[in-house]
Amino acid sequence: MGRTHLRQVASGLAFGLLVACVHALLAGAQAQSPGQSQTQAPQLPTYIPQIRFNAGQGVVPYYEGWIRNPDGSFDIVFGYFNRNWQQELAIPAGPDNKVEPGGPDAGQPTYFLPRRQRWIYRLRVPADFGKKEATWTITANGRTEKVVASLIPSEEINERVVMSNGNFDTGVNDPNKPPTLTVPALLTATVTSASQLTANVVDDGLPKPRPIPAPPPTSATGGPVNFGAQVNSSGGNRPRGLRLTWIEYRGPAKLTFDPAGPVSVTRGQALTTAGARWRPTARCRRPGM
């Protein structure tokens, strides 16, 4: 009987504590000021990364790192992330696209392609730059984004990091040397005519292209000897060897390239036709010039 009585008392105390906690929570909720919302505001879809937007989003400048130059100066390397999946934006240098100090026009891109574009812009600073900072500010579709860059030791990179797309630094003993590229500094195209872009490329041929795999053997009836794995790609093999891709770096509107995408380098040259889709004269300029 004594144990049963103790269990009943303990159960009553636990129930009393539970009721007291519930009353305390209700009293705290009622004590909020009348203007304070008791429910969390719903998250706007523009801040949910799983939702894709074709247009209407901003452009985020990225700080990729900095490179030492032989003359003692430094190159601060930038990229950008256009949050739109389709919209391409032309933002001239000025209040909506400025680099400081020394800007607003410091040679930064003024035409922004969709999604992530890495290693696309370099800002050269003097040897005595020290602990100063450089900022790149972009306003697109009413959204302002800014990145601050400085010569932080942990952010130092080199050309091989850029060549490997940030994956690793292969070291100075790597026999594979980056290709060299020579293009005309300035070309002109109008709305009624296009210009041919010619890039002269020199490469050491490393790494060697992988050999094309031999087709599977066939039986006497013409079918495969063994049942092979399913092939999910029907687009054919990717082009092999050295390729070059033209992109629009600066301009008031969209340029078209024919062919679009990567162009195979044949006998040290890659030929592409660039056409303009706007009335003023288009000036095709390679990055860094």
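All residue numbers for the sequence shown refer to our numbering, where the first residue is 8 and numbers rise by one.
The beta-carbon is built from N, C-alpha and C at its ideal position, and this holds for glycine as well.
- CA-to-CA, the gap between residue 250 and residue 220 works out to about 21 angstroms.
- As the crow flies, the alpha-carbon of residue 148 is around 10 angstroms from that of residue 94.
- Counting along the chain, the unbroken beta strand (DSSP E) around residue 152 starts and ends at 150 to 156.
- Across the structure, residue 101 and residue 63 are spaced so that their CA atoms are roughly 20 angstroms apart.
- Residue 146 and residue 186 have their C-alpha atoms roughly 35 angstroms apart.
- Counting along the chain, residue 140 sits inside no alpha helix (DSSP H), nor does DSSP assign it H or E at all.
- For residue 268, there are no CB contacts under 6 angstroms within the same chain when 5 residues up- and downstream are skipped.
- Here the alpha carbon of residue 174 sits roughly 7 angstroms from the alpha carbon of residue 168.
- DSSP lists 69 as the bridge partner or partners of residue 86.
- Ranked by how close their Cα comes to the Cα of residue 136, the residues 143, 120, 212 and 156 have 156 in first place.
- Minimum Cα-Cα distance from residue 257 among the listed residues 111, 131, 117 and 83 corresponds to 117.
- At the C-beta level, residue 125 and residue 72 stay beyond 7 angstroms of one another.
- Each of 99, 107, 90 and 280 was checked against the Cα of residue 197, and the nearest Cα belongs to 280.
- Buried is the label assigned to residue 83, since at least 16 other Cβ atoms lie within 10 Å of its Cβ.
- Secondary-structure assignment with DSSP links residue 145 through a beta bridge to 104 and 152.
- Per DSSP, residue 169 is one residue of the alpha helix (DSSP H) stretching across 166 to 170.
- Counting C-beta atoms within 10 angstroms of its own C-beta, residue 134 has fewer than 16 neighbours from the protein chains shown and is therefore classed as exposed.
- When DSSP states are grouped into helix, strand and coil, residue 161 belongs to the helix group.
- The three-state secondary structure of residue 127, taken from DSSP, is strand.
- Put simply, the backbone Cα of residue 69 is about 31 angstroms away from that of residue 182.
- Residue pairing by DSSP places residue 270 opposite 251 in a beta bridge.
- Contact between residue 92 and residue 121 holds, with the beta-carbon distance rounding to 6 angstroms and staying under 8 angstroms.
- In summary, residue 89 is buried, with 16 or more beta-carbon neighbours lying within 10 Å of its beta-carbon over all protein chains present.
- Non-local beta-carbon contacts of residue 140 in its own chain, meaning distances under 7 angstroms to residues more than five positions away in sequence, involve 155, 156 and 157 in chain order.
- Here the alpha carbons of residue 253 and residue 264 stand approximately 8 angstroms from one another.
- Counted as a single uninterrupted DSSP element, the beta strand (DSSP E) harbouring residue 207 occupies residues 201 to 209.
- Taking 7 angstroms as the cut-off, the Cβ atoms of residue 194 and residue 208 do not count as close.
- Considering only 274, 66, 159 and 152, the residue with the shortest C-alpha distance to residue 119 is 66.
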